[in-house]
RNA sequence: GGCGGCGUAGCUCAAACGGUUAGAGCACGCGGCUCAUAUCCGCGGAGUUGUAGGUUCGAGUCCUACCGCCGCCA
């Protein structure tokens, strides 16, 4: 039985179009998914993303634009889909929390928890911040009862609501985190989660009276209320499955990898496990927590107008460039900083000079000296100088895989580039362009070029999860089909195979000004 | 206030259990090559590893205090 894996991004809150932060999470998740598709086979990987469309922030955003809420979220969901298509995000399911199937799923889970007595009704009076969609205690608020996040006054309201018994499950969740060291990773976030689980939890309010806010999923046991907060969104990870099929759910969860930002750690490390336990389901495999993308050293925020649009960069620099930058530059789990200057530096140094130029010079020599034909078996009949490049490309894929599986995407790319370095050094060490002038050295030139072309071929294979469009271009230049692409070094390109003449994959960008 | 994290070359990052002159890449300077996108290769400078103490034969790595940045909780 082949190993399976289930991979999710956060279900993105859809009060605005996607920005670089969303793109960043989607890239990491997509890379992970693509990597595992290659490792486990396409049908053993499920990649879920989607949009969280209920709630009063969405409702207000819609009203501000003079739209009905559904019309508004339709627009946003489409914007995410379009963006993800352009960014090559290879999801299998795009779940919208307004999908009828999803709504039924949530209602089924609500009813189950209610029947079990884990959801109960009580009156609640408190200070409520509309922006946060939550109540605050007075201690938490700033002087004047201002919300610490929004700096706006919290309103005192009284209302009856439904609550989820969280505290009851705290110790069980804590034990799971303790006994599963990599449950939440990187470790820094595990420590934070343990911190949260170390003290009593208040029960979680999971409903809103329709009288105040009706843009949500109606509670199956009380038609005066809706849910839209976390009880809604989490289930989107699973709602492509039937809610009643506990066996299927119990199969998926233990292989489920959730990718989230550090801002929603508590909800995923505490609330979500509690909901799963209440539903009698196993917990997910890993919570993979990333930091925030800053923009020019500052937190992205609407008020300061520094919300970079990923599609803009995709348009300006071509496919994969933003993606490469974010994956190479940011250490997963830590905050990253995005600047266009830095992106251009990376583009020129890594993409144009290393990858692009190497491709160009190798294909150029192949065309010039061998009429684009592979005329030797790569990796065979090696001399001492050949060992370095052969070993580099033989060992790189495994190292890349280890790094991807531990979420060190930047180091995975670094490992690929080390192999590219070995190829460039190999050209200098063997000087095929000099040997080509001597008739009797032609067989040696053929072997050198075969080794290099095979290196590019393995590069295309390794690069696919990170830079799918570039990998496809490279595979096309090398005329390598899927099976050839996947082969280990030395077993891909065969004598007689023909490659295309070079093109500039990444034309160098001249520094502005 | 409590808990936790981070602070290593100009920049981005590495350095299993503490152990030989703290490493890469980028940027910068010099030299070489010409197949290539003025690309590539080689060499080089630069760090009292936030500060001050302590433990140890030996500490970036452990302990204490402090400074700075940040996060979580209350």
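Residue numbers (the numbering used here): 153 to 665.
Just so you know, even glycine gets a beta-carbon here, dropped at the ideal spot from N, CA and C.
Asked, Found
"Reduced DSSP secondary structure (H/G/I, E/B, other) of residue 312", "strand"
"Per DSSP, cross-strand counterpart(s) of residue 508", "Paired residues: none, contrary to the question."
"Helix, strand or coil at residue 588 [DSSP, three-state]", "coil"
"Residue closest to residue 460, alpha-carbon to alpha-carbon, out of 159, 168, 164", "168"
"Residue from 199, 655, 188 with nearest C-alpha to residue 518", "655"
"Outcome for residue 665 when other beta-carbon atoms lying within 10 angstroms are tallied against a minimum of 16", "In this prediction, residue 665 has a pLDDT of 39, which is less than 50 and means its spatial position is unreliable; what the coordinates show is noted afterwards. Looking at its Cβ environment, which holds fewer than 16 other Cβ atoms inside 10 Å, residue 665 is exposed."
"CA-to-CA distance, residue 474 to residue 573, given in whole angstroms", "22 Å"
"Neighbour-count burial assignment, residue 613, 16 or more Cβ in a 10 Å radius", "buried"
"Three-state class that DSSP yields for residue 658 in the structure shown", "coil"
"Residue 247 - containing beta strand (DSSP E), residue span", "245-248"
"Cβ pair residue 407, residue 206 closer than 7 Å", "no"
"Cβ neighbour criterion (16 or more within 10 Å) applied to residue 253", "exposed"
"Contact set for residue 174: own chain, Cβ-Cβ below 7 Å, skip 5 residues either direction", "164"
"Between the CA atoms of residue 570 and residue 544 - distance to the nearest angstrom", "8 Å"
"Residue 672 to residue 225 span [Cα, whole Å]", "This structure cannot settle anything about residue 672, because the visible part of the chain is limited to 153 through 665."
"Beta-carbon gap between residue 426 and residue 330 smaller than 7 Å", "no"
"Outcome for residue 210 when other beta-carbon atoms lying within 10 angstroms are tallied against a minimum of 16", "buried"
"The beta strand (DSSP E) enclosing residue 413, as first and last residue numbers", "408-413"
"Whole-number beta carbon distance between residue 181 and residue 246, since they are thought to touch under 8 Å", "About 13 Å separates the two Cβ atoms, so there is no contact after all."
"Residue 620 vs residue 240 beta-carbon contact at 7 Å", "yes"
"Proximity to residue 448 [Cα-Cα], best of 441, 465, 491", "491"
"contact_flag[the stretch 503-510, the stretch 254-273] where n(CB pairs < 8 Å) is 3 or more", "no"
"Contact check, residue 262 vs residue 316, beta carbons under 7 Å", "no"
"CB of residue 530 within 7 Å of CB of residue 583, strictly", "no"
"Member of 534, 442, 433, 420 whose CA lies at the smallest distance from the CA of residue 397", "433"
"Distance, residue 623 Cα to residue 523 Cα", "23 Å"
"For residue 438, the first and last residue of its enclosing beta strand (DSSP E)", "438-442"
"Run of the alpha helix (DSSP H) containing residue 277, from where it starts to where it stops", "No alpha helix (DSSP H) holds residue 277; the beta strand (DSSP E) holding it covers 271-281."
"Beta-bridge partners of residue 613, as assigned by DSSP", "Partner(s): none; residue 613 has no beta bridge."
"Endpoints, the beta strand (DSSP E) within which residue 447 is located", "445-447"
"Helix, strand or coil at residue 321 [DSSP, three-state]", "helix"
"Delimiting residues of the beta strand (DSSP E) encompassing residue 375", "374-379"
"Coarse secondary structure for residue 420, derived from DSSP in three states", "helix"
"Helix, strand or coil at residue 165 [DSSP, three-state]", "strand"
"Distance, residue 441 Cα to residue 628 Cα", "36 Å"
"Length of the line joining the Cα atoms of residue 390 and residue 204", "14 Å"
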